[in-house]
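Residue numbers (the numbering used here), protein chains in the order written: chain A, 9 to 434; chain B, 9 to 240.
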Ligand SMILES: Nc1ncnc2c1ncn2[C@@H]1O[C@H](COP(=O)(O)OP(=O)(O)OP(=O)(O)O)[C@@H](O)[C@H]1O
Ligand SMILES: [Mg+2]
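Encoded structure:
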């Protein structure tokens with residue numbers, strides 16, 4: 009009997025091939041779109057983490073309250089000790105110190121007179137120690153347009169657009185005019201070693217990237233830093249990793265009285281990222297639901313058409329003495345076979361497409377040129393294949409074929425047997 | 009009339025809902041058939057032939073009255089019991105053959121035996137026997153779309169007969185066939201009726217069919233009009 013039904017299924021293309029193709033296409037899109045959107049969201053979040061927020065960030069409470077003003081007068085002191093403690097307490101997290109600073113960049117001519125000037129946002133991070141991964145983290149190597157990365161202290165990178173605006177080339181000297189940690193005036197000379205472009209308007213407009221120690225020297229911040237940021241070893245932000253870390257950190261450092269006591273903030277709570285984190289988490293579910301509903305509707309209709317076409321077959325099977333329940337179940341089993349087969353094909357195709365998008369990526373710099381959000385849009389978006397992608401397609405694939413068949417089959421089930429004949433004789 | 013009663017209706021009435029009112033298709037039919045009869049329901053279109061055949065075949069239920077088929081009361085059967093009666097005892101032949109298009113001749117004839125869970129070698133022998141009766145042993149691998157109308161109807165007869173049912177119900181079996189094929193089919197059925205003692209009940213207004221009937225039951229407007237037994 010099973011062989012008989014299987015033969016029918018395989019031979020009747022409109023019963024097997026057509027719904028299988030619908031399922032395969034739907035599942036392929038589900039897997040691909042999920043992987044793709046997930047990739048974009050995760051890329052955006054991680055890009056922001058690398059440049060700015062970390063997965064968690066430690067700063068003084070006062071600094072945290074005024075974070076958008078980069079208040080270095082409220083920075084943390086004795087950071088080598090604090091970083092050492094953090095490394096000991098949280099060995100799974102990579103801790104790095106950074107100083108964000110604002111100021112004016114002044115380009116002097118040969119007489120020392122101002123040739124050009126412009127406001128700058130700076131980041132001081134560890135570029136020069138052997139073990140530092142900061143330059144890799146910011147992808148400086150790949151972003152380099154002219155010159156080279158800083159190799160000795162006193163060298164900085166400028167964003168390419170900024171250097172063109174200031175008309176300054178690698179090798180030339182620029183002067184940073186800013187304020188020291190103690191509120192004094194800071195004037196410090198750097199040599200431009202090279203220029204970079206990140207493909208993010210905010211970053212490309214007027215950024216100076218300097219070594220942490222140079223910035224500490226320039227701003228009178230010896231062994232001080234505005235931020236210590238931590239990166240999870242998994243490479244991806246996750247609330248479930250962040251939350252216990254924060255709980256433990258607070259138990260150790262929380263001090264209601266001292267506004268200079270360190271506080272720890274997770275990525276989600278910075279720069280309005282919580283929306284993006286939530287979206288990333290829910291996106292998969294939403295995509296699956298959307299495709300499931302769409303596919304069910306298509307398959308329902310395909311099933312109705314197929315069912316109408318099958319009135320003859322079903323009528324005769326009933327007349328010969330097959331029970332309605334048996335006919336209905338055999339239709340459902342058929343749909344499961346079709347759903348599983350379609351899902352396997354669709355998942356393979358979807359993963360293939362995602363893999364292509366993961367290795368090659370899509371250049372979207374054209375669209376993000378005018379980005380003004382706090383979010384960092386990477387230049388090239390890539391799909392990201394995660395383990396769920398291998399089985400997630402089964403939910404819409406099998407459920408929608410099932411739903412489609414059940415909905416269309418119910419009509420047959422409810423009809424009087426004699427009525428089926430009336431309709432098929434007509 | 010033969011001795012063993014196999015079909016009996018008493019005051020059989022069938023009403024169909026028609027909008028808000030009802031339409032009465034059968035109006036108090038009293039009818040008895042014995043084992044081995046070769047009988048036909050004859051009447052103009054709309055006289056209730058198919059309706060009566062469907063009720064006797066347990067595909068439909070009476071609105072009023074009694075219908076006893078093989079000692080079972082059709083009106084009181086559950087869907088399962090009706091399916092079982094059809095599976096074990098009844099064979100159907102339709103005007104438009106109703107073969108399973110994607111299955112071969114062999115598989116079409118085999119299907120009723122699969123439902124009866126008849127084992128492999130026994131099943132094969134029965135299928136080949138049935139195809140032999142209708143003279144189609146050379147076409148077992150073909151599929152219905154590759155067959156002529158007459159061949160299709162012969163497959164349908166083989167399918168109805170393969171399990172040696174007690175009753176075969178045939179609704180306009182020759183309506184789509186030419187004269188030669190009609191006679192061929194009818195001769196096959198007469199032969200099976202003789203050899204296997206199967207009871208045949210036709211619904212027809214085809215003169216060719218009528219000429220083969222041993223008993224002619226005339227329906228008119230849902231009522232029994234005439235009941236003639238041919239003596240030979
Ligand atoms: N399901 C139904 N609902 C409403 N009326 C029906 C239904 N089935 C049959 N009828 C009506 O009952 C009457 C008898 O129908 P039936 O099909 O039994 O006629 P018939 O004698 O087989 O005719 P034909 O020779 O055209 O096949 C017809 O008037 C038909 O319209
Ligand atoms: Mg009829």
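We put the CB at the ideal spot given by N, CA and C, even for glycine.
Checklist entry - Can you name the residues that DSSP bridges to residue 103 of chain A? => result Here the question's residue 103 of chain A lines up with position 95 in the first chain. The partner list for residue 103 of chain A (beta bridge, DSSP) reads A/238.
Next on the checklist: Using beta carbons (cut-off 8 angstroms, strictly below), is residue 12 of chain A in contact with chain B?
Outcome noted: Residue mapping note: residue 12 of chain A aligns to position 4 of the first chain, counting from 1. For residue 12 of chain A, the answer is yes, since a Cβ of chain B falls inside 8 angstroms of its Cβ.
Item to check | Member of B/181, B/136, B/213 whose CA lies at the smallest distance from the CA of residue 51 of chain B | outcome: In the second chain, counting from the first residue as 1, residue 51 of chain B sits at position 43. Among B/181, B/136, B/213, the Cα nearest to that of residue 51 of chain B belongs to B/213.
Next on the checklist: Quick check on the DSSP output: the beta strand (DSSP E) that includes residue 74 of chain A runs from which residue to which?
Outcome noted: The residue given as residue 74 of chain A occupies position 66 in the first chain. Per DSSP, residue 74 of chain A is not a residue of any beta strand (DSSP E), being assigned neither H nor E.
Next on the checklist: Which residues neighbour ligand 2 when neighbourhood means a C-beta less than 7 angstroms away from any of its non-hydrogen atoms? List them by chain order.
Outcome noted: B/57, B/58, B/179, B/180, B/211
Checklist entry - Given a threshold of 16 other Cβ atoms within 10 Å of its Cβ, counted over all protein chains shown, does residue 324 of chain A qualify as buried or as exposed? => result Residue mapping note: residue 324 of chain A aligns to position 316 of the first chain, counting from 1. Residue 324 of chain A comes out buried.
Checklist entry - Are any of the Cβ atoms in chain A nearer than 8 angstroms to that of residue 94 of chain B? => result Here residue 94 of chain B is taken as the residue at index 86 of the second chain, counted from 1. Yes, because at least one Cβ of chain A sits closer than 8 angstroms to the Cβ of residue 94 of chain B.
Item to check | Option nearest residue 201 of chain A by Cα separation, candidates A/190, A/207, A/216 | outcome: The residue you call residue 201 of chain A lines up with position 193 of the first chain. Per the Cα distances, A/216.
Next on the checklist: Using 8 angstroms for Cβ pairs, my map puts residue 166 of chain B next to residue 117 of chain B. What's the rounded Cβ distance?
Outcome noted: Reading the second chain from its first residue, position 158 is the one you call residue 166 of chain B. Reading the second chain from its first residue, position 109 is the one you call residue 117 of chain B. About 5 angstroms separates the beta carbons of residue 166 of chain B and residue 117 of chain B, which is inside the 8 angstroms limit, making them a contact pair.
Checklist entry - Out of B/21, B/37, B/38, B/46, which has the shortest C-alpha to C-alpha gap to residue 31 of chain B? => result The residue given as residue 31 of chain B occupies position 23 in the second chain. Selected option, being the one with the closest Cα: B/21.
Checklist entry - Checking contacts by CB at 8 angstroms: is residue 310 of chain A closer than that to chain B? => result Position 302 of the first chain, counted from the first residue, corresponds to residue 310 of chain A. By this cut-off, residue 310 of chain A is not an interface position.
Checklist entry - When we look at the beta-carbon of residue 62 of chain B and count the other beta-carbons within 10 Å, is it buried (16 or more) or exposed? => result The sequence position of residue 62 of chain B within the second chain is 54, counting from 1. Its Cβ being crowded by 16 or more others within 10 Å, residue 62 of chain B is buried.
Checklist entry - With respect to 7 angstroms, is the separation between the Cβ of residue 128 of chain B and the closest non-hydrogen atom of ligand 4 below this value? => result Ligand 4 is absent from the structure shown, which contains only ligand 1 and ligand 2.
Checklist entry - In three-state DSSP terms, what is residue 46 of chain A? => result Here residue 46 of chain A corresponds to residue number 38 of the first chain, with the count starting at 1. If DSSP states are grouped into helix, strand and coil, residue 46 of chain A belongs with the helices.
Checklist entry - On the three-state DSSP scale, how would you describe residue 150 of chain B? => result Here the question's residue 150 of chain B lines up with position 142 in the second chain. Three-state result, residue 150 of chain B: coil.
Item to check | Given 8 angstroms, three or more beta-carbon pairs between the segment 57 to 66 of chain A and the segment 235 to 255 of chain A | outcome: yes
Checklist entry - Considering only residues of the same chain and omitting the five flanking positions on each side of residue 13 of chain A, which have a CB-CB separation below 6 angstroms? => result Your numbering for residue 13 of chain A matches position 5 in the first chain. Correct list, in chain order: 338.
Next on the checklist: Would residue 120 of chain B pass as an interface residue toward chain A - the criterion being a Cβ-Cβ separation below 8 angstroms?
Outcome noted: As a working mapping, residue 120 of chain B is identified with position 112 in the second chain. Taking Cβ atoms only, chain A reaches closer than 8 angstroms to residue 120 of chain B, which makes this a yes.
Next on the checklist: So if I threshold CB-CB distances at 8 angstroms, which residues from the segment 330 to 360 of chain A count as touching chain B?
Outcome noted: 330, 331, 332
Next on the checklist: Only counting the same chain, and skipping five residues up and downstream in sequence, which positions put a Cβ closer than 6 angstroms to that of residue 303 of chain A?
Outcome noted: Stepping through the first chain from its first residue, residue 303 of chain A is reached at position 295. Non-local beta-carbon contacts of residue 303 of chain A in its own chain, meaning distances under 6 angstroms to residues more than five positions away in sequence, involve 34, 404, 408 in chain order.
Checklist entry - Smallest Cα separation from residue 163 of chain B: which of B/70, B/115, B/81? => result In the second chain, counting from the first residue as 1, residue 163 of chain B sits at position 155. The shortest C-alpha separation from residue 163 of chain B is found at B/115.
Checklist entry - Grouping DSSP H, G and I as helix and E and B as strand, with all else coil, what is residue 270 of chain A? => result Residue 270 of chain A sits at position 262 when you count from the first residue of the first chain. Three-state result, residue 270 of chain A: strand.
Item to check | Own chain residues within Cβ distance below 8 angstroms of residue 317 of chain A, not counting five before or after | outcome: Along the first chain, one-based indexing puts residue 317 of chain A at 309. Within the same chain, residue 317 of chain A has close Cβ partners 22.
Item to check | Distance between residue 48 of chain A and residue 67 of chain B (C-alpha atoms, nearest Å) | outcome: Within the second chain, the letter at position 59 stands for residue 67 of chain B. Within the first chain, the letter at position 40 stands for residue 48 of chain A. About 59 angstroms.
Checklist entry - Quick one, are the C-beta atoms of residue 64 of chain B and residue 177 of chain B less than 8 angstroms apart? => result As a position in the second chain, residue 64 of chain B is number 56, starting the count at 1. As a position in the second chain, residue 177 of chain B is number 169, starting the count at 1. Cβ distance < 8 angstroms, so residue 64 of chain B and residue 177 of chain B count as in contact.
Next on the checklist: Let's see if you can read the secondary structure: which residues bound the alpha helix (DSSP H) around residue 88 of chain B?
Outcome noted: As a working note, residue 88 of chain B is residue 80 in the second chain. Where residue 88 of chain B is concerned, the enclosing alpha helix (DSSP H) stretches over 87 to 97.
Checklist entry - What residues of chain A sit near residue 31 of chain B, judged by a beta carbon separation below 8 angstroms? => result In the second chain, counting from the first residue as 1, residue 31 of chain B sits at position 23. Using a Cβ-Cβ cut-off of 8 angstroms, residue 31 of chain B is close to nothing in chain A; its nearest Cβ partner there is about 13 angstroms away.
Item to check | Residue burial classification, residue 127 of chain B (beta-carbon count within 10 angstroms, cutoff 16) | outcome: Indexing the second chain from 1 puts residue 127 of chain B at position 119. Under this definition residue 127 of chain B is an exposed residue.
Checklist entry - Count the other CB atoms within 10 Å of the CB of residue 224 of chain A; is the residue buried (16 or more) or exposed (fewer)? => result By one-based count along the first chain, residue 224 of chain A stands at place 216. The residue in question, residue 224 of chain A, is buried, as its Cβ has 16 or more Cβ neighbours within 10 Å.
Next on the checklist: Could you check whether residue 224 of chain B and residue 182 of chain B sit closer than 8 angstroms to each other, using their CB atoms as the reference points?
Outcome noted: Here residue 182 of chain B is taken as the residue at index 174 of the second chain, counted from 1. Here residue 224 of chain B is taken as the residue at index 216 of the second chain, counted from 1. Annotated as distal: residue 182 of chain B and residue 224 of chain B, with beta-carbon spacing of 8 angstroms or more.
Checklist entry - For a contact meaning CB atoms closer than 9 angstroms, what does residue 45 of chain B contact in chain A? => result Within the second chain, numbered from 1, the residue matching residue 45 of chain B stands at position 37. Here the premise fails: no neighbours, minimum Cβ distance about 21 angstroms.
Item to check | 8 angstroms Cβ cutoff, residue 150 of chain A in contact with chain B | outcome: Looking up residue 150 of chain A in the first chain gives position 142. No, residue 150 of chain A does not count as interfacial toward chain B.
Item to check | Host beta strand (DSSP E) of residue 68 of chain A (start-end) | outcome: Residue 68 of chain A sits at position 60 when you count from the first residue of the first chain. Note, residue 68 of chain A: beta strand (DSSP E), 64 to 68.
Checklist entry - Span of the alpha helix (DSSP H) holding residue 169 of chain A? => result Counted from its first residue, the first chain places residue 169 of chain A at position 161. Counting along the chain, the alpha helix (DSSP H) containing residue 169 of chain A begins and ends at 168 to 174.
Checklist entry - Tell me, which residues are paired with residue 116 of chain B by DSSP? => result Within the second chain, the letter at position 108 stands for residue 116 of chain B. In DSSP, residue 116 of chain B forms no bridge with anything.
Checklist entry - Roughly how many angstroms separate the alpha carbons of residue 380 of chain A and residue 210 of chain A, rounded to a whole number? => result Translated into the one-based positions of the first chain, residue 380 of chain A becomes position 372. Translated into the one-based positions of the first chain, residue 210 of chain A becomes position 202. Its pLDDT being 45, under 50, residue 380 of chain A is placed unreliably in this model, and the value from its coordinates should be taken loosely. Each residue's alpha carbon lies about 7 angstroms from the other.
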